[in-house]
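Novice: Protein chains in written order, with this note's numbering: chain A, 3 to 268; chain B, 1101 to 1187.
We treat Cβ as the ideally placed atom computed from N, Cα and C, and that holds for glycine.
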Amino acid sequence: MGEVIVVTSGKGGVGKTTTAANLGVGLALLGKKVALIDADIGLRNLDVVMGLENRIVYDLVDVVEGRCRSKQALIRDKRYDNLFLLPAAQTRDKSAVTPEQMKALCTELSEEFDFILVDCPAGIEQGFRNAIAGATRALIVTTPEVSAVRDADRIIGLLEAAELNSPQLIINRLRPDMVKRGDMMDIDDILEILAIGLIGVIPDDERIIISTNRGEPVIALDKDSASGQAYRNIVRRVMGESVPFIDFDENKSVFNRLKKMMGLGG
Amino acid sequence: MSLRTFLNSITGKQDSKDVAKERLRLVLVHDRASVSPEFLEKIKEDLIKVISKYMEIDEENTKVIMHRMDESAVLEANLAIKEIRRV
């Protein structure tokens, strides 16, 4: 019986889709059978982040409305063993799917997959309720900004109300230089406010944009990047391993040590 | 105390991250206190259930509301009593 994990945030643009894509690829690279579900109906993006936009035949709404079987709609990512994407419908809206239908779909898929990752839309309306309906575990993505942390707090409350307990936090786009200057909330500040467990910290990294440009998640495209390493650590923590957190202090990080060793300065 | 916090304490300046944290703390007190009418209705029903053991409550005239104060929230329940039971 596989685990259904929803990746959510409340606020848009904090990195939910990028996170879902990287964790999906990372889990597949470790030999797990993974289904990625894009629950953002009407604004699908997981397909382009994964570079699979040209292979869509059927979508999530086709599956729940019975026009095809889930197997037909799941796109196999040929670059990895055992990674599949169920794209969202682009021409429908969130009301095209009900929480009950999502729950049934997740249950069906969990019989065949080790992990089902649901990319949740921004907001707290029906799209959110659909995305969390079948989940057994939640990851909340936030950035070290007032607006994103505030929305994360709201989401934590809503997840609790839905009895999806013990969500874990991913802090995305951390800038160690700004933290050092006192111009960005640090990890402890955010954990103190939200009072939930931390599962990972992703440093702000331009390589994410480059990898998205190419449609290949950074965890596979750019293995030595700081963000790629951070995502690999989260993947291992998702699987239950205890992995020490990276110290992003400029001089101490593995990435910078590597750069120094190769004579690239820093 | 770091050098930065020491310097800030002399110059009276505050790091922008501390401003952010303080503002968040305040806004979350308000956010967390904004509860739905359904939620308050549930609290009201439970309160009536408990208090009814001791006195008969006039449900029509019972109100449960949430106030927001500057830095905290208050739950106010006004339960109209019909009759006190002899326990």
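Using C-beta distances below 6 Å, list every residue in its chain close to E218 of chain A, excluding the 5 sequence neighbours before and after it, in chain order.
Specialist: G53
Novice: Give a yes or no on whether 8 Å exceeds the smallest Cβ distance from R156 of chain A to chain B.
Specialist: yes
Novice: Below 7 Å on C-beta distance, what does V148 of chain A contact in chain B?
Specialist: A1120, R1123, L1124
Novice: Please tell me whether D1146 of chain B has its Cβ less than 8 Å away from any Cβ of chain A.
Specialist: no
Novice: Along the chain, where does the alpha helix (DSSP H) containing D190 of chain A start, and where does it finish?
Specialist: Segment 189-196, the alpha helix (DSSP H) holding D190 of chain A.
Novice: Between M1155 of chain B and the rest of its own chain, which residues show a CB-CB distance below 7 Å, the 5 nearest in sequence each way excluded?
Specialist: I1181, E1183, I1184, R1185
Novice: Pull the bridge partners of K1163 of chain B from the DSSP assignment, please.
Specialist: B:N1178
Novice: Which residues mark the beginning and the end of the beta strand (DSSP E) in which F86 of chain A is found?
Specialist: 85-88
Novice: Answer with buried or exposed for T21 of chain A, where buried requires no fewer than 16 other C-beta atoms within 10 angstroms of its C-beta.
Specialist: buried
Novice: Determine, using beta carbons only, whether R1104 of chain B comes closer than 8 Å to chain A.
Specialist: yes
Novice: Can the beta-carbon of A41 of chain A be found closer than 8 Å to that of P123 of chain A?
Specialist: yes
Novice: Keeping to the same chain, check which residues put their C-beta closer than 6 Å to that of N84 of chain A; ignore five residues upstream and five downstream.
Specialist: A30, K35
Novice: Are A154 of chain A and T144 of chain A closer than 8 Å when you measure CB to CB?
Specialist: yes
Novice: Figure out for me which residue from A:V6, A:G15, A:V63, A:M241 has the closest Cα to the Cα of R175 of chain A.
Specialist: Distance from the Cα of R175 of chain A is smallest, within the candidate group A:V6, A:G15, A:V63, A:M241, for A:G15.
Novice: Hey, does I198 of chain A have any beta-carbon neighbour from chain E nearer than 8 Å?
Specialist: Annotation note: the requested chain E is absent from the structure, which comprises protein chains A and B.
Novice: Of the residues A:I204, A:K182, A:Q231, A:I189, which one's Cα is nearest the Cα of L1103 of chain B?
Specialist: Closest in alpha carbon position to L1103 of chain B, among A:I204, A:K182, A:Q231, A:I189, is A:K182.
Novice: Where does I1110 of chain B land, buried or exposed, given buried means 16+ other C-beta within 10 angstroms?
Specialist: exposed
Novice: What is the DSSP secondary structure of M99 of chain A, counted as helix, strand or coil?
Specialist: The question names Met, but residue 99 of chain A in the sequence shown is Val. V99 of chain A falls in the coil class under three-state DSSP.
Novice: Report the three-state DSSP secondary structure of N167 of chain A (helix, strand or coil).
Specialist: It is coil, neither helix nor strand.
Novice: Per DSSP, A1173 of chain B is paired with what?
Specialist: B:R1168
Novice: Does any CB atom of chain A fall closer than 8 Å to the CB of S1116 of chain B?
Specialist: yes
Novice: Note down the Cα distance separating G12 of chain A from K1153 of chain B, rounded to an integer number of angstroms.
Specialist: 42 Å
Novice: So with CB distances below 8 Å, who are the chain B contacts of D185 of chain A?
Specialist: D1115, S1116, K1117
Novice: What's the C-alpha gap between M104 of chain A and G1112 of chain B?
Specialist: 54 Å
Novice: If the cut is a Cβ gap below 8 Å, which residues of chain A does L1128 of chain B touch?
Specialist: Ordered by position in chain A, the residues that pass the 8 Å Cβ test against L1128 of chain B are R152, D155, I195.
Novice: Any beta carbon from chain B within less than 8 Å of D191 of chain A's own beta carbon?
Specialist: Chain B contact via Cβ: present.
Novice: What would DSSP say about T144 of chain A, mapped onto helix, strand or coil?
Specialist: strand
Novice: Rounded C-beta distance between M241 of chain A and A1120 of chain B? I'm assuming under 8 Å.
Specialist: Their Cβ separation, rounded to whole angstroms, is 34 Å, which puts M241 of chain A and A1120 of chain B out of contact at 8 Å.
Novice: Strictly below 7 Å CB to CB, what residues from chain A border D1158 of chain B?
Specialist: Simply none; closest approach about 30 Å.
Novice: Can the beta-carbon of I1151 of chain B be found closer than 8 Å to that of L1175 of chain B?
Specialist: no
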